[in-house]
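Remarks on the structure that follows.
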Amino acid sequence: MGLLRKTWIGTFFFIAMAALPARADIKIGQTAAFTGPGASSVQEATEGARLYFDAFNAQGGLKGQRIELISLDDRYEPQLSAANTRNLIEQGVVAMFLSRGTAPSQAIVPLLAEHRLALVAPSSGAMALREPANGYVFNLRASFQREAERAIRHLAGIGVKRLTIVQVNDEFGNDAGIGALRGLQALNMRASAHLRFDRNKPELAPLMQQVAKANIEAVLLIGPGYAVVEGINALRAAGSTAHVATLSNNASTEFVKALGDNARGVIVTQLFPYERSSATPLVREAQALAKARGKTELTPAQIEGFAAAKLLVEGLKRSAKDLSREGLLKALEGLQQFDLGGLELSFGPKQRGGLDFADVSIIGPDGKFWR
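Just so you know, we're using my numbering here: the sequence shown kicks off at 130 and counts up by one.
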């Protein structure tokens, strides 16, 4: 009798548990350079995204389903980015999210169409991900060209007349360079020189000596963080006090640390509202969640990640009745005049450009980005 009772209880428990709705996490895939020269920005952006995801999950998630962000390191290698994406697809991710860089993001694109999968908020301003509009890519940040134009306009606004563009000789540099030239043309200005360097072997000292000898007033340095650091240090070593501007891919604490004393006064474009101002609802929300977790300050990259997570969650909410890759694609494409918190975003069949917001910051004596 005792054995029969135990068997009955065990059977009842099994049936009862089977009857309960299973909590299936919503898997989101990310491949980005968590190691290597750009790791700081990637880590900060991902921290910002997790800040929002964690808060959303703590409130019950989407009808009890938690968001699980699966992040893999691609070391900024396009082939590894594609391999990671295949791995994540096999794990059943609903979307790809917050990839980093032009070439690694482009390596993902063929897999998106093959598997009907969205890539949400790639951390790249490449026009190749915007024009023509790709039905599977949902951009959040403004383009490289837009922020390069903004940097030129700022330099002209502070009275700069003699300006040199120094860019990495790759797709990223050429893309941003087009925006810089367009900005100059709009102001009826011309660059004193337009110089290029190799991504893998920058060797910027000779170029910066050339810039210093020409008594240039400002340099727009477009390139990866390690090369821009080398260029700024070489420029100062050559005796130049020219203004230096660079793009938002270098808006990280690691970039500032690497520059040391030469960081002060460097102009860095920004594609999201000021991370230390509570005037913008998006930033105020991020600050409140960060404070609740014992964090006193946020970085520009963390704000980008936070905004990206908020965009993705909105798409998931709107696809709740069809929580699938196809359902999320349709939901995101239907977003019109969506308020991220002081920033409005719209998508459509031929609209994937992301935000138009672009601003500038200056690295202050405290190592913080001032605006």
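Don't be surprised by glycine CBs; every beta carbon is placed ideally from N, CA and C.
These figures come from a predicted structure and were not determined experimentally.
Within the DSSP secondary-structure output, ALA247 pairs in a beta bridge with ALA224.
In the structure shown, the three-state DSSP call for ILE287 is coil. Here the stretch 222-235 makes contact with the stretch 195-206; the two share three or more CB pairs at distances below 8 Å. Counting only runs of at least 3 residues, the stretch 343-413 fully encloses the following beta strand (DSSP E) elements, listed from N- to C-terminal order: 347-351, 372-375, 396-399. Counting the other Cβ atoms within 10 Å of the Cβ of GLN431 gives 16 or more, which makes it buried. Look at GLU197 here: in three-state DSSP terms it is strand.
Around ALA334, the same chain offers ALA363 as residues with beta carbons nearer than 6 Å, after the five sequence neighbours per side are excluded. By alpha-carbon distance to LEU388, the top candidate from LYS459, SER272, ALA168, PRO494 is PRO494.
In the structure shown, the three-state DSSP call for ASP488 is strand. Per the coordinates, the alpha-carbon of LEU241 lies some 6 Å from the alpha-carbon of TYR265.
Here LEU441 carries a helix assignment [DSSP, helix/strand/coil].
Straight-line measurement puts the Cα of GLN194 at about 43 Å from the Cα of ALA356. Taking every protein chain shown into account, the CB of GLY312 has 16 or more other CB atoms within 10 angstroms, so this residue is buried. For the pair LEU411 and GLY483, the CB atoms are not nearer than the 7 Å cut-off.
Per DSSP, LYS450 lies in no alpha helix (DSSP H) segment and is marked neither H nor E.
Of all C-beta pairs linking the stretch 291-306 to the stretch 323-333, three or more are shorter than 8 Å, placing the two stretches in contact. Between ALA255 and ALA236, the C-beta spacing is not below 7 Å.
Between GLU462 and PHE476, the CB-CB gap stays under 7 Å.
Assigned with DSSP and collapsed to three states, THR293 falls in strand.
The Cβ-Cβ distance between PRO353 and PRO166 falls below 7 Å. About 6 Å separates the CB atoms of GLU173 and SER381; that is less than 8 Å, so the two are in contact. ASP202 is bridged by DSSP to ALA161. By DSSP's assignment, ILE237 forms no beta bridge with any residue.
Out of GLY423, TYR403, ASN186, the CA that lies nearest to the CA of VAL489 is found in TYR403. For ALA309, the uninterrupted alpha helix (DSSP H) run begins and ends at 300-315, by DSSP.
Assignment of beta-bridge partners to VAL266 by DSSP yields LEU248. In summary, ARG319 is exposed, with fewer than 16 beta-carbon neighbours lying within 10 Å of its beta-carbon over all protein chains present. Around THR231, the same chain offers SER253, ALA255, GLU300, PHE301 as residues with beta carbons nearer than 6 Å, after the five sequence neighbours per side are excluded. Comparing alpha-carbon positions, the option among PHE267, ARG270, ARG259, LYS439 lying closest to PHE185 turns out to be LYS439.
Rounded to the nearest whole angstrom, the CA to CA distance from LEU246 to SER321 is 45 Å.
By the Cβ-count criterion, ALA436 is buried, with 16 or more other Cβ atoms from all chains shown falling within 10 Å of its own Cβ.
Around the beta carbon of GLU426, fewer than 16 other beta carbons sit within 10 angstroms, so the residue counts as exposed.
ALA392 is positioned such that its CB atom lies closer than 7 Å to that of ILE492.
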